[in-house]
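Below you'll find the structure, written out as structure tokens, and then a few comments.
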Amino acid sequence: MNLDDILSLASDRTLSELERARARRATRRVQQEYQRAVSEGRDLTDDIEVRDPLATDTDEAARITRAAELAKLGTVTWTRASGGLTWSDEMALILGYPPGSLRHSVAALTRLVHPDDVDGVREAVESVWRDRTVRETTCRVIRPDRVTRYVHCYLEYVVDGENRPSGIIATARDITELELARQEQARLARRRETVQLELAGRDPVTGLFHRARFADEIDTAQRGGPGVLLVVAVEPVGPAVAPGAGPGLGLGVDAGIEGEPDGDADEQERLAVAVAQVVRRVARRSDVCGLTGPNEFGVLMQRTTLSSATALAESIIDGIRSQSFVLGRTRVVDAWGGLVRYQGRDGSRGVDLIVDAETAWRRARATGVDRVALDQPAAEDERRELCRSRVRATVAENRFTLFTQPILDLRLNQITRQEILLRVVDDAGRAYSASTLLGDAERLDEILPIDRWVIDRTIELIARGSRTSHYQVNLSGRSLGDPHLLERVQQRLQQYDVDPGQITFEITETARIGNLTEAHNFAYGIRQLGCQLALDDFGSGHVPFAFLTYFPVDLVKVGGEFIAGIEHSVANRGIVRSIVEMCRTLGIRTAAEHVEDEATMDLLRDYGVDFAQGYLVGKPKPVTSPARTLPASAEPEADPERELRAATG
Amino acid sequence: MRSGDNAVVRAESAARLGDRGQAESEVSFEAFCQRNFVLVERFLLAQCADRGLVEDAVQEAFITARDKWEQIRDYEKPLAWMYKTARYKLLVLHRRRRQDVTVSLEEIPPERLAEPADPAEARELLRGWLPRLPPRQAEVFVLALDGWSDHEIAAILGIAYNTVRTYRQEARRRLKELAQQAGFDAPSGRERG
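Protein chains in written order, with full-length UniProt numbering: chain X, 1 to 649; chain U, 1 to 193.
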């Protein structure tokens with residue numbers, strides 16, 4: 001079957017039995033309504049043209065004008081013979097003029113059309129005449145009171161009685177409301193496409209809320225009344241795959257990272273996914289789950305007692321312990337739980353409760369029990385001191401190590417830079433993301449010693465590395481206020497004879513910049529030394545655009561959340577493109593993190609992003625290797641030079 | 001042959017018999033109305049999916065026709081006047097309800113549907129495609145399908161003769177595309193494979 005078959009079927013005019021019955025009823029109704037109209041004395045034809053539409057009409061333009069008048073449409077007629085224009089009264093009203101007040105010339109009409117639309121209208125009119133066809137066009141007109149209206153026009157060419165082209169007639173209608181509705185519909189469709197139904201804040205690997213978002217969820221839940229927060233920590237049992245640092249020995253920067261570095265990160269992910277499954281399975285449907293840190297899982301239980309929450313915690317711990325996880329080889333994983341009961345409205349924030357629950361599981365592990373339950377949140381100053389001593393202990397015990405991640409220069413398609421990343425080393429010598437620790441340190445104003453440590457170690461490492469490589473070092477916005485930090489950088493650069501041009505300082509957590517004047521001084525000072533300045537996570541954090549105009553930033557790193565999945569996100573493409581364009585205008589280079597596939601890389605190249613970083617370019621690698629680990633060594637650095645060279649290429 | 005014309009023929013034959021009284025006029029109008037009410041509705045349904053609104057417009061048009069029947073019944077084709085007037089009544093109703101502020105369908109390919117088995121199903125299928133055409137093209141096409149000449153269509157719709165020719169061709173081309181997208185692309189008169 002094709003269109004012709006359908007059309008011949010559709011053109012059958014026979015009425016069905018039902019339709020005939022309906023027509024009879026309709027006829028009766030017409031008669032009744034007619035009688036009622038007559039008895040009410042209504043004029044039935046005041047707005048109707050009674051004459052026969054098929055009666056011969058010599059002038060086509062006149063016929064169309066009459067039909068337009070009836071339908072309250074405006075017309076403008078151009079007649080070839082006279083070369084002049086004729087406006088209908090309705091047309092004058094559409095254009096905002098009293099009928100009869102407009103001059104009948106093409107120039108006068110052109111002045112009424114929005115300047116941006118004149119060419120389009122002219123092109124349409126010319127094509128109507130040239131191609132002997134009909135066109136539709138929508139243009140804006142500007143009324144004498146400067147109000148802009150959208151007007152839709154049919155442009156038809158008309159013939160005289162002998163079928164010779166005689167002119168053009170435009171039938172116009174003010175469609176402003178329709179056009180605005182159309183634009184609004186298009187906008188809403190675009191918005192539906194670009195806005196996410198859910199707030200960001202989930203860990204991409206496990207799908208659980210990450211720490212900050214989980215803390216927000218706790219705050220929300222607390223307002224609804226009492227409940228219990230559980231944090232479960234997991235840790236693989238027994239010696240690691242590669243024999244190396246035993247628990248408690250592998251401290252210091254040269255602390256061994258077990259096995260292959262890449263494999264290590266993969267194992268952490270696999271473990272997280274597996275444990276998340278156990279947690280989800282045991283938790284009640286209404287419980288909110290989160291990933292509060294590396295290998296740390298939170299379960300928020302509203303409206304429950306401490307004893308039933310403890311029972312659930314034991315089920316989760318048993319569930320984890322009774323399972324074997326494939327981590328390099330099959331491993332058993334140990335788990336501890338920390339619980340804290342909250343009353344709601346007792347002044348503890350979500351992040352405080354997470355800290356308390358963490359303190360509780362650490363106490364459980366230290367005392368050799370499965371879990372520790374706190375009847376209430378800790379006192380504020382007690383919590384702060386606990387946190388502070390933990391941060392200080394990490395610094396004092398030198399439980400840090402550095403990783404590097406390669407950065408690709410998209411102009412050269414070559415790795416020219418490395419980002420230096422801080423990792424925390426646990427008792428078993430495993431390196432973990434330092435984000436929780438850094439968060440605590442920033443909140444407690446303990447970040448400066450960590451930043452100093454990073455600066456010292458980094459400059460020392462650069463001195464041993466390649467002279468042509470460039471390094472990006474993270475520095476908390478909090479530390480910028482320290483008046484001695486600049487001196488320290490300068491002193492270390494001299495001490496190790498490092499070219500300042502090899503370093504870019506990435507400012508993170510700009511929201512925590514305490515003293516803007518001090519930060520400003522540091523920023524200008526560091527550039528005077530010859531180092532460069534970058535802003536981390538631009539677009540995700542709290543950096544106002546104005547920051548770019550008063551801070552001498554050389555590089556902006558676009559937040560990874562805009563890069564991951566950019567291929568499928570109109571919103572992220574628009575945002576990244578705009579950031580790149582803005583930065584180019586300001587003389588700032590751009591870098592993209594979380595680049596994980598070629599399609600993303602191609603897009604970023606198209607947009608003119610300068611640097612790319614992510615798994616596609618290279619995963620973070622330790623600057624030291626297990627082979628170099630000298631646990632007993634008093635000197636923390638053995639020989640990081642070779643590893644750094646290997647890592648920076 | 002147009003059924004509306006049948007009523008006229010009957011009315012005219014009655015007129016030749018010398019009876020143009022009230023009763024005869026009534027009979028001829030009712031015959032005209034019964035034959036054409038549904039056809040005028042079908043015409044308007046091709047451009048407006050709101051059946052209630054269409055029915056109101058057609059009813060108002062026929063009430064007006066009843067009022068001027070003595071004059072209209074003498075036209076060569078009273079149905080042309082009916083179409084024109086009903087179309088105008090629908091326009092007025094649309095404006096009154098501010099329903100002219102509707103936005104065209106999104107450009108998604110038409111659904112694949114089963115083959116129409118009877119004229120009603122064929123018209124229903126067509127009604128699904130017509131809103132994807134510019135409104136005037138759809139009107140021109142439906143009138144042409146109804147058997148009206150290009151000059152008649154120009155007069156009913158109040159547009160230029162050449163416009164009708166252009167629109168009729170463009171509408172057909174576009175409908176053919178839509179039909180093909182919906183799977184109706186077999187050579188004429190043969191079953192789909």
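Beta carbons: idealized from backbone N, C-alpha and C, even for Gly.
In this text the structure is predicted, and so the values were computed from the model without any measurement.
Residue i and residue j closer than 8 angstroms at C-beta
i                       : j                        : result
glycine 64 (chain X)    : isoleucine 156 (chain U) : It should be noted that the sequence gives isoleucine, not glycine, for residue 64 (chain X). Going by C-beta atoms, isoleucine 64 (chain X) is not nearer than 8 angstroms to isoleucine 156 (chain U).
threonine 585 (chain X) : aspartate 554 (chain X)  : no
residue 661 (chain X)   : arginine 512 (chain X)   : There is no way to answer for residue 661 (chain X), as the model of chain X reaches only from 1 to 649.
leucine 339 (chain X)   : arginine 371 (chain X)   : yes
valine 595 (chain X)    : leucine 604 (chain X)    : yes
glycine 501 (chain X)   : glycine 530 (chain X)    : yes
valine 556 (chain X)    : isoleucine 526 (chain X) : no
leucine 44 (chain X)    : aspartate 67 (chain U)   : yes
alanine 274 (chain X)   : leucine 291 (chain X)    : no
residue 194 (chain U)   : valine 58 (chain U)      : Absent from the structure is residue 194 (chain U), since the part of chain U shown begins at 1 and ends at 193.
threonine 77 (chain X)  : glycine 167 (chain X)    : yes
valine 558 (chain X)    : alanine 591 (chain X)    : yes
glycine 224 (chain X)   : glycine 344 (chain X)    : yes
glutamate 567 (chain X) : alanine 599 (chain X)    : yes
arginine 149 (chain X)  : aspartate 117 (chain X)  : no
proline 552 (chain X)   : alanine 534 (chain X)    : no
alanine 276 (chain X)   : threonine 330 (chain X)  : no
N-terminal and C-terminal residue of the alpha helix (DSSP H) that residue i is part of
i                        : result
glutamine 34 (chain U)   : 22 to 45
valine 134 (chain X)     : From DSSP, valine 134 (chain X) is part of no alpha helix (DSSP H) but of the beta strand (DSSP E) over 134 to 142.
alanine 26 (chain X)     : 17 to 40
aspartate 174 (chain X)  : Counting along the chain, aspartate 174 (chain X) falls outside any alpha helix (DSSP H), though it belongs to the beta strand (DSSP E) covering 165 to 174.
isoleucine 407 (chain X) : No alpha helix (DSSP H) contains isoleucine 407 (chain X), which is instead part of the beta strand (DSSP E) from 400 to 409.
cysteine 387 (chain X)   : 380 to 396
leucine 159 (chain X)    : Residue identity check: residue 159 (chain X) is valine in the sequence provided, not leucine. Premise fails: valine 159 (chain X) lies in the beta strand (DSSP E), 148 to 159, not in any alpha helix (DSSP H).
threonine 292 (chain X)  : Segment 288 to 293 is the beta strand (DSSP E) holding threonine 292 (chain X); no alpha helix (DSSP H) there.
glutamate 442 (chain X)  : 435 to 443
Any C-beta of chain X under 8 angstroms from that of residue i
i                        : result
glutamine 71 (chain U)   : yes
glutamate 139 (chain U)  : no
isoleucine 156 (chain U) : yes
arginine 192 (chain U)   : At arginine 192 (chain U), the pLDDT of 43 sits below 50, so the modelled position is not reliable; the number obtained from the coordinates is stated separately. Closer than 8 angstroms to some Cβ of chain X, the Cβ of arginine 192 (chain U) qualifies, so yes.
isoleucine 153 (chain U) : no
arginine 123 (chain U)   : yes
alanine 179 (chain U)    : yes
glutamine 169 (chain U)  : no
alanine 186 (chain U)    : yes
proline 119 (chain U)    : yes
leucine 145 (chain U)    : yes
Residue interval of the beta strand (DSSP E) (run including residue i)
i                          : result
phenylalanine 62 (chain U) : That residue, phenylalanine 62 (chain U), is in no beta strand (DSSP E); its alpha helix (DSSP H) goes 51 to 67.
leucine 301 (chain X)      : According to the sequence as given, residue 301 (chain X) is methionine; it is not leucine. First-last of the beta strand (DSSP E) with methionine 301 (chain X): 296 to 302.
aspartate 536 (chain X)    : 532 to 538
glycine 74 (chain X)       : 74 to 79
tryptophan 87 (chain X)    : 85 to 87
histidine 470 (chain X)    : 470 to 476
Among the options, nearest to residue i - alpha-carbon criterion
i                       : options                                : result
alanine 172 (chain X)   : X:Leu180, X:Arg321, X:Cys531, X:Arg140 : X:Arg140
glycine 183 (chain U)   : X:Pro144, X:Arg111, X:Met1             : X:Met1
aspartate 52 (chain X)  : U:Tyr83, U:Ala117, U:Thr163            : U:Tyr83
alanine 200 (chain X)   : X:Ser307, X:Arg577, X:Asn572           : X:Asn572
lysine 72 (chain X)     : X:Ile48, X:Trp78, X:Glu397             : X:Ile48
glutamine 494 (chain X) : X:Asp216, X:Glu460, X:Gly96, X:Asp287  : X:Glu460
Min CB distance residue i to chain U below 8 angstroms
i                      : result
leucine 93 (chain X)   : no
methionine 1 (chain X) : yes
tyrosine 34 (chain X)  : yes
alanine 534 (chain X)  : no
glutamate 60 (chain X) : yes
valine 113 (chain X)   : no
arginine 63 (chain X)  : yes
leucine 85 (chain X)   : no
Residues that residue i contacts on chain A, provided the C-beta gap is smaller than 7 angstroms
i                      : result
threonine 77 (chain X) : Looking at the structure shown, chain A is missing, and the protein chains on hand are X and U.
Interfacial residues, the segment 21 to 50 of chain U to chain X, with Cβ spacing under 7 angstroms: Glu30, Cys33, Gln34, Phe37, Val38, Leu39
Residues of the segment 130 to 157 of chain X with Cβ closer than 8 angstroms to any Cβ of chain U, in chain order: Arg132, Thr133, Val134, Glu136, Tyr154, Glu156, Tyr157
Interface residues of the segment 6 to 31 of chain X facing chain U [CB-CB below 8 angstroms]: Ile6, Leu7, Leu9, Ala10, Ser11, Asp12, Arg13, Thr14, Leu15, Ser16, Glu19, Arg20, Arg22, Ala23, Arg24, Ala26, Thr27, Arg29, Val30, Gln31
Members of the segment 44 to 57 of chain X near chain U, C-beta cut-off 9 angstroms: Leu44, Thr45, Asp47, Ile48, Glu49, Val50, Arg51, Asp52, Pro53, Leu54, Ala55, Asp57
Contact set between the segment 368 to 380 of chain X and chain U, restricted to residues whose Cβ is under 8 angstroms from the partner: none
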